[in-house]
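Chemist: Residue 1 is where the sequence shown starts when you use our numbering, and the numbers rise one by one after that. Just so you know, even glycine gets a beta-carbon here, dropped at the ideal spot from N, CA and C.
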Amino acid sequence: MNREKRRSQALPENYDEIVGETIQLKREVPKRSVRQIIKILEIEGYAAPGVLKASTLQRYL
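#1: Do I37 and K26 have their C-beta atoms within less than 8 Å of each other?
#2: Look at the alpha carbon of L57 and the alpha carbon of L41, and state the distance between them as a whole number of angstroms.
#3: What would DSSP say about Y15, mapped onto helix, strand or coil?
#4: Applying the criterion that 16 or more other CB atoms from any shown protein chain within 10 Å of the CB defines a buried residue, is V34 buried or exposed?
#5: Have a look at E21 and G50 and give me their C-alpha separation to the nearest angstrom.
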């Protein structure tokens, strides 16, 4: 199995929506850290706790 295929299986189904929401949350309050954004996304039900990694989302910011 190639690397790209494994990576895509590990991401949640709604990953594009999560990335969009991540960018929106950062624009609303630029001082928010990636960890704070992840916590907000988990509380709002976009992802289960522990699924999102700071290093992955940081790439989009």
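Modeler: For this structure:
#1: yes
#2: 11 Å
#3: helix
#4: buried
#5: 17 Å
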